Amino acid sequence: IISNPAIGPAKIGIIVESMTTGKCIFEYNPDKRLVPASNMKLLTSAAALIVLSPDFHYATRLITNGSVRSGTLFGDLIVEGSGDPTISGYFNYNDPVYVFKDWTKRLAELGINEIRGDLVIDNSAFSENPYGDGWNMDDVNRCFCAPRDAFTFNNNCIQLEIIPSAHNEQGFQFVMEPVSGYIRLVNRLNSRNIMGRDTVRLNYTDPRTLEVTGSKRPGSPETIHYVPVRYPAEFGGFILKETLASGGIMLTGDILCARNCPNLTDITQRKNNGQLRTLAVYRSVRLSDIIKVVNKLSNNLYTEMLLFAIGRTSGKAYTTRNAAAITFQALDTAGIDMSGAVMADGSGLSRYNLVSPRQLARLLQVMVSSPYSGYFYESLPIMSIDGTLSRRLKGSRASGLVRAKTGSIAGVRSLSGYITTYNDENLIFSIISNGHSSTAAIDKVVDRIVLRLLDY
Numbered sequence: 001i002i003s004n005p006a007i008g009p010a011k012i013g014i015i016v017e018s019m020t021t022g023k024c025i026f027e028y029n030p031d032k033r034l035v036p037a038s039n040m041k042l043l044t045s046a047a048a049l050i051v052l053s054p055d056f057h058y059a060t061r062l063i064t065n066g067s068v069r070s071g072t073l074f075g076d077l078i079v080e081g082s083g084d085p086t087i088s089g090y091f092n093y094n095d096p097v098y099v100f101k102d103w104t105k106r107l108a109e110l111g112i113n114e115i116r117g118d119l120v121i122d123n124s125a126f127s128e129n130p131y132g133d134g135w136n137m138d139d140v141n142r143c144f145c146a147p148r149d150a151f152t153f154n155n156n157c158i159q160l161e162i163i164p165s166a167h168n169e170q171g172f173q174f175v176m177e178p179v180s181g182y183i184r185l186v187n188r189l190n191s192r193n194i195m196g197r198d199t200v201r202l203n204y205t206d207p208r209t210l211e212v213t214g215s216k217r218p219g220s221p222e223t224i225h226y227v228p229v230r231y232p233a234e235f236g237g238f239i240l241k242e243t244l245a246s247g248g249i250m251l252t253g254d255i256l257c258a259r260n261c262p263n264l265t266d267i268t269q270r271k272n273n274g275q276l277r278t279l280a281v282y283r284s285v286r287l288s289d290i291i292k293v294v295n296k297l298s299n300n301l302y303t304e305m306l307l308f309a310i311g312r313t314s315g316k317a318y319t320t321r322n323a324a325a326i327t328f329q330a331l332d333t334a335g336i337d338m339s340g341a342v343m344a345d346g347s348g349l350s351r352y353n354l355v356s357p358r359q360l361a362r363l364l365q366v367m368v369s370s371p372y373s374g375y376f377y378e379s380l381p382i383m384s385i386d387g388t389l390s391r392r393l394k395g396s397r398a399s400g401l402v403r404a405k406t407g408s409i410a411g412v413r414s415l416s417g418y419i420t421t422y423n424d425e426n427l428i429f430s431i432i433s434n435g436h437s438s439t440a441a442i443d444k445v446v447d448r449i450v451l452r453l454l455d456y
């Protein structure tokens, strides 16, 4: 199967083991260190369960350095970013501003109807580049490559729906979510004399101006596009200010951030300017729910923020290098030898990541017999049923019998997880391919391996 010439000069590593005995059933370059793409999420999510516990949750505090007199808060409204990726509609009734509405309600209950101060976003805890080392900078206009920040909102992305006119005329309806004045849209999309496929391109001409170019035929189906914002903290702050205003609370000042923002402020000075008190706290869902988004949906931002949470346990200023060291130490202690592996990010977007199929198989073996086995196992996509495997081998005999994590960046494919065979054997497998010439061909090779293993 793996000698298929259609995949070209690929570097492939494979290992298959019995889950029950640990016996190796098949191996091919099992110790070759390869770029794993999103199989890196297996390391991050496993370490998060070990280091943070399944009950971990993020806590984002709304505080002030001021005091309330006659319905007016004299002072700043400060958001302490915790790296929580769940401030969105995903866990909040499909309402992206649910948390902000709840905060607005809380302030109203405290008798506040005006804030004479600035809205300060304390995103100082994450001090690294918003984009990880080894990320493809050609992807920064795509939501899967959204910038990292200690204060994230709505996956640090906007959703833009483009609805063409039903008639043969120039005209489009644009629906943006969340609804906000933060992004200015410039429409240069053409619908006249269009033949063939639609080509819609979205590019920023400045951090808050999104230009839509290309062509789209009249009467063609509406399309939904997801675009990351450049300054996540400012974006979230802007929409929080709008939400406060919609709830009858006017904030007279500016939106300021600690870093990665056009308008910066000294957070320490702000916090020392008066006695701090907490006005509201948003606590995320548990880690055991968050890792389902990480592994089933392969959400990169969620994973990067998990690595951030792991790194913060050291009590030191966050760096990816320190977080990676904590991750590897936790995995080594659990019995997974990470010698020679490289962790440049948590999500697998980086091409600097390196791991071997044997290391991934060992991780899968350790986790299935650990106290966290249920949480970890349930977080993985099910073949043909959900997550990133929902359309894979659809209608085949593999449906429901494979739980595995996919991985995909240009020139990289990976699949690692668990198989229950027709003979009720439980297998662990890891397959990584780098440098193949055809994505379709390597996917067929991997699928053939999975189908062959079902007969073991």
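Going by the working numbering, the residue at position 3 of the sequence shown is 3; the numbering climbs one at a time, nothing skipped.
Glycine included, every Cβ here is placed at the ideal spot set by N, Cα and C.
These numbers were taken from a predicted model, which means no experiment stands behind them.
Sub-8 Å separation of residue i and residue j beta-carbons
i, j, result
"residue 279", "residue 63", "yes"
"residue 6", "residue 433", "no"
"residue 454", "residue 416", "no"
"residue 344", "residue 320", "yes"
"residue 463", "residue 8", "The question about residue 463 has no answer, for the chain in this structure spans 1 to 456."
"residue 249", "residue 258", "no"
"residue 162", "residue 445", "no"
"residue 236", "residue 121", "yes"
"residue 83", "residue 126", "yes"
"residue 58", "residue 309", "yes"
"residue 209", "residue 201", "no"
"residue 221", "residue 157", "no"
"residue 456", "residue 421", "yes"
"residue 256", "residue 265", "yes"
"residue 100", "residue 239", "yes"
Residue i versus residue j: straight-line alpha-carbon distance, rounded
i, j, result
"residue 412", "residue 329", "27 Å"
"residue 438", "residue 409", "13 Å"
"residue 403", "residue 292", "12 Å"
"residue 376", "residue 428", "14 Å"
"residue 243", "residue 106", "13 Å"
"residue 104", "residue 247", "6 Å"
"residue 95", "residue 119", "22 Å"
"residue 325", "residue 165", "54 Å"
"residue 54", "residue 190", "50 Å"
"residue 134", "residue 350", "4 Å"
"residue 233", "residue 146", "12 Å"
"residue 74", "residue 110", "14 Å"
"residue 155", "residue 93", "15 Å"
"residue 46", "residue 56", "13 Å"
"residue 43", "residue 131", "20 Å"
"residue 218", "residue 36", "42 Å"
"residue 430", "residue 306", "23 Å"
"residue 39", "residue 443", "15 Å"
"residue 299", "residue 144", "7 Å"
"residue 252", "residue 263", "16 Å"
"residue 16", "residue 393", "20 Å"
"residue 175", "residue 241", "21 Å"
"residue 419", "residue 296", "16 Å"
Three-way DSSP call (helix, strand, coil) for residue i in this model
i, result
"residue 61", "strand"
"residue 362", "helix"
"residue 138", "helix"
"residue 97", "coil"
"residue 382", "strand"
"residue 282", "strand"
"residue 354", "strand"
"residue 87", "coil"
"residue 238", "helix"
"residue 303", "helix"
"residue 376", "helix"
"residue 78", "strand"
"residue 251", "strand"
"residue 327", "helix"
"residue 270", "helix"
"residue 293", "helix"
"residue 448", "helix"
"residue 35", "coil"
"residue 106", "helix"
Residue i at chain B interface by Cβ criterion, 8 Å
i, result
"residue 432", "Although the question refers to chain B, the structure presented lacks it and comprises just one protein chain."
Bridge-paired residues (DSSP) for residue i
i, result
"residue 225", "160"
"residue 405", "416"
"residue 257", "121 and 264"
"residue 174", "162"
"residue 24", "17"
"residue 11", "434"
"residue 72", "69 and 114"
"residue 214", "189 and 200"
"residue 428", "17 and 418"
"residue 206", "209"
"residue 51", "DSSP lists no partner for residue 51."
Near the ligand NAD: residue i beta-carbon under 7 Å from a heavy atom
i, result
"residue 165", "Among the ligands in the structure shown, none appear at all, so the ligand NAD cannot be discussed."
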